[in-house]
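Accompanying notes for the structure given below.
In the numbering used here, the protein residues as written are 1 to 249.
What follows is the structure, encoded as structure tokens:
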């Protein structure tokens, strides 16, 4: 959940804010996919950047950022396509779309051109995995959920259960390795936050093996208002989002 919050923050910074995201979703007006040559060009820029993760050349840094942003923006239609099969009465489309964007960002950050796979195929798998992880987290929070519980619809408009989703694709992907590295970087950056910001994040997201708490519970624990907790959480996540953005290859 913590890593998701930061990656969504990064993606929204690319999209210039949540309002544009909602507009894309509600109007189904996504940027057109890149053509083959454009996609290859931007992927090659990112591939080169992994060999030089901290370029001093300002022009090169801008080129890397542009490449990543273009790949995110022009694959939003793919996110929407994957999200459709998970839509249900209890899930807001915008929420699932935000989670899908997390999977897309991970896919772009870990895609390997040398393996010969298509970005869309790899990204769809990452997006699916991210959404399924979201449902597993919900399962833990809400209590046990049957593996046959419908969570959306399949391509034939039939109900899609958790079991069917999990069995549809069991191929391990490198994003799990990337998650571990991202989490290590996150914890390092959390240690640099002011004590109160750090404490709020520890309580809110269950860091250091603590239980997760609601904003109201944190307010009661710390003796401050819930709105103040919300502001601290937002400020801390924005700070960490910028730090993680600078750390991306």
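Glycine is no exception: its CB is placed at the ideal position from the N, C-alpha and C atoms.
Just so you know, these numbers come straight off a predicted model, no measurement behind them.
Distance between beta carbons of residue j and residue i, contact taken as under 8 Å
i	j	result
residue 203	residue 236	Not quite, the Cβ-Cβ distance comes to about 12 Å (not below 8 Å), so this is no contact.
residue 123	residue 107	4 Å
residue 86	residue 131	5 Å
residue 226	residue 216	5 Å
residue 43	residue 113	6 Å
Classification of residue i by the beta-carbon crowding that lies within 10 angstroms, buried from 16 upward
i	result
residue 110	buried
residue 298	Outside the shown range of the chain, which is 1 to 249, sits residue 298, and nothing can be said about it.
residue 58	exposed
residue 99	buried
residue 134	buried
residue 103	buried
residue 233	buried
residue 29	exposed
residue 62	exposed
residue 64	buried
residue 149	With a pLDDT of only 47 at residue 149, under the threshold of 50, the placement of this residue in the model should not be trusted, and no figure is reported.
residue 129	buried
residue 70	buried
residue 205	buried
residue 218	buried
residue 238	exposed
residue 252	The structure shown does not extend to residue 252, since the chain is modelled only from 1 through 249, so no value can be given for it.
Cβ-heavy atom distance, residue i to the ligand MG, below 8 Å
i	result
residue 129	Inclusion of the ligand MG in the displayed structure is not the case, the ligand content being empty and no account of it being possible.
Quiz item: Taking contact to mean at least 3 C-beta pairs separated by less than 8 Å, is the segment 43–50 in contact with the segment 93–102?
Solution: no
Practice problem: Just list the alpha helix (DSSP H) runs in the segment 62–126, keeping only unbroken ones of 4 residues or longer that don't cross its boundaries, in chain order. | Solution: 76–84 and 93–110
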